[in-house]
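Peer 1:
There are 2 protein chains.
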Amino acid sequence: MIHRVLATDLSAHVGETVQVSGWLHRRRELKRVTFLIIRDRTGLTQAVLPGAGEQEREQEQEQQQGEQPHGQRLHDIPEETVISFVGVVTANDQAPGGVELVAPAGGPQVEVLSSPAATPPLDIYRPTVTASLPTILDGSPVTLRHPHLSAPFQITAASVAGFRGALDALGFTEIHTPKIVGSATESGANVFALDWFGHPAYLAQSPQFFKQAMVGVFERVYETGPVFRAEPSDTARHLAQYTSLDAELGFIQDHRDVMAVVREALAGMVAAVAERAPAAVELLGVKLPTVPEKIPEIHFSEAMAMLGQDEPDLAPSDERTLSEWALREFGSEFLFVTGYPMTKRPFYTHAEPGRPQYSNSFDLLFRGLELITGGQRLHKYEDYVAALAARGESTEPYEGYLSAFRHGMPPHGGFALGLERWTMRLTEADNLRRTALFPRDLHRLTP
Amino acid sequence: MIHRVLATDLSAHVGETVQVSGWLHRRRELKRVTFLIIRDRTGLTQAVLPGAGEQEREQEQEQQQGEQPHGQRLHDIPEETVISFVGVVTANDQAPGGVELVAPAGGPQVEVLSSPAATPPLDIYRPTVTASLPTILDGSPVTLRHPHLSAPFQITAASVAGFRGALDALGFTEIHTPKIVGSATESGANVFALDWFGHPAYLAQSPQFFKQAMVGVFERVYETGPVFRAEPSDTARHLAQYTSLDAELGFIQDHRDVMAVVREALAGMVAAVAERAPAAVELLGVKLPTVPEKIPEIHFSEAMAMLGQDEPDLAPSDERTLSEWALREFGSEFLFVTGYPMTKRPFYTHAEPGRPQYSNSFDLLFRGLELITGGQRLHKYEDYVAALAARGESTEPYEGYLSAFRHGMPPHGGFALGLERWTMRLTEADNLRRTALFPRDLHRLTP
Numbered sequence: 001m002i003h004r005v006l007a008t009d010l011s012a013h014v015g016e017t018v019q020v021s022g023w024l025h026r027r028r029e030l031k032r033v034t035f036l037i038i039r040d041r042t043g044l045t046q047a048v049l050p051g052a053g054e055q056e057r058e059q060e061q062e063q064q065q066g067e068q069p070h071g072q073r074l075h076d077i078p079e080e081t082v083i084s085f086v087g088v089v090t091a092n093d094q095a096p097g098g099v100e101l102v103a104p105a106g107g108p109q110v111e112v113l114s115s116p117a118a119t120p121p122l123d124i125y126r127p128t129v130t131a132s133l134p135t136i137l138d139g140s141p142v143t144l145r146h147p148h149l150s151a152p153f154q155i156t157a158a159s160v161a162g163f164r165g166a167l168d169a170l171g172f173t174e175i176h177t178p179k180i181v182g183s184a185t186e187s188g189a190n191v192f193a194l195d196w197f198g199h200p201a202y203l204a205q206s207p208q209f210f211k212q213a214m215v216g217v218f219e220r221v222y223e224t225g226p227v228f229r230a231e232p233s234d235t236a237r238h239l240a241q242y243t244s245l246d247a248e249l250g251f252i253q254d255h256r257d258v259m260a261v262v263r264e265a266l267a268g269m270v271a272a273v274a275e276r277a278p279a280a281v282e283l284l285g286v287k288l289p290t291v292p293e294k295i296p297e298i299h300f301s302e303a304m305a306m307l308g309q310d311e312p313d314l315a316p317s318d319e320r321t322l323s324e325w326a327l328r329e330f331g332s333e334f335l336f337v338t339g340y341p342m343t344k345r346p347f348y349t350h351a352e353p354g355r356p357q358y359s360n361s362f363d364l365l366f367r368g369l370e371l372i373t374g375g376q377r378l379h380k381y382e383d384y385v386a387a388l389a390a391r392g393e394s395t396e397p398y399e400g401y402l403s404a405f406r407h408g409m410p411p412h413g414g415f416a417l418g419l420e421r422w423t424m425r426l427t428e429a430d431n432l433r434r435t436a437l438f439p440r441d442l443h444r445l446t447p
Numbered sequence: 001m002i003h004r005v006l007a008t009d010l011s012a013h014v015g016e017t018v019q020v021s022g023w024l025h026r027r028r029e030l031k032r033v034t035f036l037i038i039r040d041r042t043g044l045t046q047a048v049l050p051g052a053g054e055q056e057r058e059q060e061q062e063q064q065q066g067e068q069p070h071g072q073r074l075h076d077i078p079e080e081t082v083i084s085f086v087g088v089v090t091a092n093d094q095a096p097g098g099v100e101l102v103a104p105a106g107g108p109q110v111e112v113l114s115s116p117a118a119t120p121p122l123d124i125y126r127p128t129v130t131a132s133l134p135t136i137l138d139g140s141p142v143t144l145r146h147p148h149l150s151a152p153f154q155i156t157a158a159s160v161a162g163f164r165g166a167l168d169a170l171g172f173t174e175i176h177t178p179k180i181v182g183s184a185t186e187s188g189a190n191v192f193a194l195d196w197f198g199h200p201a202y203l204a205q206s207p208q209f210f211k212q213a214m215v216g217v218f219e220r221v222y223e224t225g226p227v228f229r230a231e232p233s234d235t236a237r238h239l240a241q242y243t244s245l246d247a248e249l250g251f252i253q254d255h256r257d258v259m260a261v262v263r264e265a266l267a268g269m270v271a272a273v274a275e276r277a278p279a280a281v282e283l284l285g286v287k288l289p290t291v292p293e294k295i296p297e298i299h300f301s302e303a304m305a306m307l308g309q310d311e312p313d314l315a316p317s318d319e320r321t322l323s324e325w326a327l328r329e330f331g332s333e334f335l336f337v338t339g340y341p342m343t344k345r346p347f348y349t350h351a352e353p354g355r356p357q358y359s360n361s362f363d364l365l366f367r368g369l370e371l372i373t374g375g376q377r378l379h380k381y382e383d384y385v386a387a388l389a390a391r392g393e394s395t396e397p398y399e400g401y402l403s404a405f406r407h408g409m410p411p412h413g414g415f416a417l418g419l420e421r422w423t424m425r426l427t428e429a430d431n432l433r434r435t436a437l438f439p440r441d442l443h444r445l446t447p
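Chains A and B are the protein sequences, given in the same order.
Using the UniProt record's numbering, read the first sequence as starting at 1 and increasing by one per residue.
Using the UniProt record's numbering, read the second sequence as starting at 1 and increasing by one per residue.
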């Protein structure tokens, strides 16, 4: 029995007859020889056959001798046909990976597993992608087969694994919380409304309330799941569904304990990308950042002074300026901006002791883009009641949430990281839609 | 600086002065001594103090001497108060874990981090839970603090980690797919309708179409995420949102290659529960199953013959009967039932070669309950067109899905495992709502 060998493993099988299965990535026909480039999940394999003329002559001879031809004539097979090829692994410095498959004595053995019924909207085999973003997205079930377009998702998968591994090592428990909620509380705007057995309900914008409540149970929790924002604006860095990497932990002194966990999570993510997705890193030329032992930080008030402004929030251009400063000053591609004004943070944010106009919160900038938001939360029931009253909000829609704080909650805080943004920045993609599988936005609900 | 030590780590610190932080689980006052049982995420710690009378006397003396009292009087502190206790770790065979904390010379140092504003709906400190399920669910932000009620979620977290680890080792790529879809295709019924920027949309009942399409990109993919079913029936084993562990792989011979992956995933899950959640296993008395090297299987037609029936599907009682048979006959708590009639399987199911009324599909029964559904799928575009035509369905709502098959897809298959059901069966819970955080059903949308 001849077993399937993956492209990256072929060099360990020189001299053996093996089967390679995958998609016919590219066929190159020369006069006396035909190259089939076969793509599997690990990479490309070059298979070498007699040229088309040779094949026809052989097949004619076989038919004259009453033998069955070797299946479909190879020069009729279009790209993206799914095939299995049995050949002898042969060293060749010119071939990708230093080996190629040579048709065994007796002629090539190619089995067609599935034939395409149409031509892809872009040529999967070309080294670079020139197709427009809409073309890529409309045809994503096939366009993502292009190695440059699928590589970001290998980086994403590795990143999530690194995130989970780092938090597991720190004693966090993974949770899975409801995506459907009874009231549109957290921001009040940009929620998707739902028909829940005849009653109104909403898609959760974050697992915020659930993860805080679970600090009361597990102290340290994380969730890696979808969140939903009915973003009415159509920008390159917003999606209606994205994957949020959320963490929350109890028994902190303040937001700096949360920032220390952010640092570990980022270090775990970068290490996992290097370890688990080296091919994607190389293919895309990703420059992996170094995560400093201590990520530099700047207080919002100092940032405003440096920028010569007096605003309640940072504009995207300010974020870029601050990131450049951190790179220049500290050699760091990461920067914490702490102490955002309370007026710009959610009601559950803990104020800065002694300067109550500022908060014990932070954003993490990565290469000029806001990647993470986090901070210390209120933990006392009476503080929640006061915070809601100060904003003129009733406690009634928050009853389920507030019940956790009625029963003794430790000082705690947490953060959320937008996974697609992380990969976008890492791969220097120009649009978040290149790092989301089947993105959903104002205009896009299919495929 | 005195650092926090977790309950399970205390025995390594005998003789040291340490801080233990957590919830006041239980206070027991004897005449001359008070025991505080402190609960943290790893377990319970016993702290020993002078009795209440002694404390008052000490505090009065201090006040007379002009000193500040040691915070709140300890016998006023109710259960579920969040406290930090500084004491000397002292060996005591009678104490949980063989050690206890003794108040240092100079009196107890207890800091109250947060006081409860209400009494929990059930006593967290009692060894067993007698509260009704609605009481538990209504108060879950606090009732889940009961170790018996939180333990199932430790098992769930460990199980998912084991699932991912097993599939990572087999070359699978993790994906994150849309939970909002443009057409209610897969079953047509039991979908939640959504307002998508003024257009109708639906919550995804499974990542089926997406994971199949991604076989064309990554060959082997998995997703661990929420799925949504607008179940109009209120049973102990259905939820409106649950966590689906989904996998799909290409280049298979038939459904048996999928079943082999199921076996590896289950083995990984059981091993991870044993390794990562031993305390929960012990607390709940969970008997972890042995996953046989090869899980026994029975064809649907043979199962019907054995049951003396001629039905198109198995009733829950049949599943129990078959599970008992597998345990008796093979000593296995797992059983694959293969070859379900095509009429009872989705249109994308691959028929059994030679017996087209049966399918290359399977269910996995675990201790009498259907836990996993899977099988081989169609992979040729023309087969999809024919299958939809045979069911009288138009291809139009499936265009995005079918486009993957238009471009060459390998033979493939996959499976889905209901995570909450797995933990339910493992912990022998009487209701799926005990293994879902904040369950959602026909009647429950909060907390």
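By construction, the Cβ of each residue, glycine as well, lies at the ideal position given by its N, Cα and C atoms.
Which chain B residues are close to residue 154 of chain A, counting only those with a beta carbon under 9 Å from its beta carbon?
Peer 2: 173 and 218
Peer 1: Straight-line CA distance for residue 100 of chain B to residue 151 of chain B?
Peer 2: 24 Å
Peer 1: How many angstroms separate the CA atom of residue 431 of chain A from the CA atom of residue 438 of chain A?
Peer 2: 13 Å
Peer 1: Can you list the residues of chain B that residue 423 of chain A reaches, using a CB-CB cut of under 7 Å?
Peer 2: None at all; the shortest Cβ gap to chain B is about 11 Å.
Peer 1: My parser needs the alpha helix (DSSP H) runs of 4 or more residues fully inside the segment 128-173 of chain B; what are they?
Peer 2: 133-138, 140-143 and 147-169
Peer 1: Reducing DSSP to helix, strand and coil, say where residue 94 of chain A ends up.
Peer 2: coil
Peer 1: Tell whether a beta-carbon distance below 8 Å holds between residue 156 of chain A and residue 218 of chain A.
Peer 2: no
Peer 1: Does the Cβ-Cβ distance between residue 133 of chain B and residue 328 of chain B come in under 8 Å?
Peer 2: no
Peer 1: If you reduce the DSSP assignment to three classes, tell me which class residue 305 of chain B lands in.
Peer 2: Residue 305 of chain B carries a helical assignment under DSSP once its states are collapsed to helix, strand and coil.
Peer 1: As an exercise, report each continuous alpha helix (DSSP H) stretch of at least 4 residues that is fully enclosed by the segment 191-225 of chain A, in chain order.
Peer 2: Restricting attention to alpha helix (DSSP H) runs no shorter than 4 residues, the segment 191-225 of chain A encloses them at 208-218, ordered along the chain.
Peer 1: Could you work out which residue in A:147, A:222 and A:311 is closest to residue 258 of chain A when comparing CA atoms only?
Peer 2: A:222
Peer 1: Nearest chain A C-beta to residue 325 of chain B closer than 8 Å, yes or no?
Peer 2: no
Peer 1: Pull up the DSSP beta-bridge partners for residue 412 of chain B, would you.
Peer 2: Answer by DSSP bridge pairing, in chain order: B:250 and B:377.
Peer 1: Using the DSSP secondary-structure output, state which residues sit across from residue 83 of chain A in a beta bridge.
Peer 2: A:22 and A:112
Peer 1: Give a yes or no on whether the minimum CB-CB distance between residue 163 of chain B and chain A is below 8 Å.
Peer 2: Contacts with chain A at 8 Å (Cβ-Cβ) do not include residue 163 of chain B.
Peer 1: Use the C-beta contact count for residue 355 of chain B: other C-beta atoms within 10 angstroms, 16 or more gives buried, fewer gives exposed.
Peer 2: Counting every other CB atom within 10 Å of its CB across the protein chains shown gives residue 355 of chain B a total below 16, marking it as exposed.
Peer 1: Measure the C-alpha to C-alpha separation of residue 270 of chain A and residue 34 of chain B and round it to an integer number of angstroms.
Peer 2: A straight line joining the alpha-carbon of residue 270 of chain A with that of residue 34 of chain B spans about 49 Å.
Peer 1: Below 7 Å CB to CB, which residues in the same chain sit around residue 13 of chain A once its five sequence neighbours on both sides are set aside?
Peer 2: Setting aside the 5 residues that flank it on each side, residue 13 of chain A is surrounded in the same chain by 5 and 89, each with a C-beta closer than 7 Å to its C-beta; the list follows chain order.
Peer 1: Please report the straight-line C-alpha distance between residue 69 of chain B and residue 17 of chain B, rounded to a whole angstrom.
Peer 2: Residue confidence is low: residue 69 of chain B scores 42 on pLDDT, short of 50, so the model does not pin down where it sits. No coordinate-derived value is stated.
Peer 1: Using a Cβ-Cβ distance under 8 Å, would residue 445 of chain B count as near chain A?
Peer 2: yes
Peer 1: Cβ atoms of residue 405 of chain B and residue 384 of chain B: under 8 Å apart, would you say?
Peer 2: yes
Peer 1: Counting only beta-carbon separations shorter than 8 Å, does residue 176 of chain A have a partner in chain B?
Peer 2: yes
Peer 1: Quick one: Cα of residue 67 of chain A to Cα of residue 338 of chain B, how far?
Peer 2: The pLDDT assigned to residue 67 of chain A is 45, lower than 50, so where the model puts this residue is not dependable, and the model offers no usable value.
Peer 1: Might you give, ordered along the chain, the residues of its own chain that have their beta carbon closer than 6 Å to the beta carbon of residue 215 of chain B, omitting 5 neighbours on each side?
Peer 2: 248, 250 and 412
Peer 1: Using the DSSP secondary-structure output, state which residues sit across from residue 297 of chain A in a beta bridge.
Peer 2: A:336
Peer 1: Any idea what DSSP makes of residue 321 of chain A, helix, strand or coil?
Peer 2: helix
Peer 1: Going by CA-CA distance only, name the one from A:233, A:224, A:196 and A:43 that's closest to residue 189 of chain A.
Peer 2: A:233
Peer 1: Would you list the residues sitting across from residue 448 of chain B in a DSSP beta bridge?
Peer 2: Chain B is shown only over 1 to 447; residue 448 of chain B falls outside these bounds and no answer can be derived.
Peer 1: If contact means a Cβ-Cβ distance below 7 Å, which residues of the segment 424-443 of chain A contact chain B?
Peer 2: Near chain B, meaning a CB-to-CB distance below 7 Å, the residues of the segment 424-443 of chain A are 437, 438, 440 and 442.
Peer 1: Whose CA, out of A:426, A:21, A:121 and A:27, lies closest to the CA of residue 114 of chain A?
Peer 2: A:21
Peer 1: Under a CB-based cut-off of 8 Å, is residue 372 of chain A close to chain B?
Peer 2: no
Peer 1: Is the shortest distance between the beta-carbon of residue 407 of chain B and the beta-carbons of chain A less than 8 Å?
Peer 2: So yes, residue 407 of chain B belongs to the interface.
Peer 1: For residue 86 of chain B, tell me which candidate among B:94, B:38 and B:121 has the shortest Cα-Cα distance.
Peer 2: B:38
Peer 1: So what does residue 358 of chain B bridge to, in DSSP terms?
Peer 2: B:341
Peer 1: Is there a Cβ of chain B sitting closer than 8 Å to that of residue 68 of chain A, yes or no?
Peer 2: Unreliable positioning characterises residue 68 of chain A in this predicted model, as indicated by a pLDDT of 43, which lies under 50. The coordinate reading is nonetheless provided below. Cβ-Cβ to chain B under 8 Å: no for residue 68 of chain A.
Peer 1: Given this structure, state the Cα-to-Cα distance separating residue 45 of chain B from residue 7 of chain B, to the nearest angstrom.
Peer 2: 6 Å
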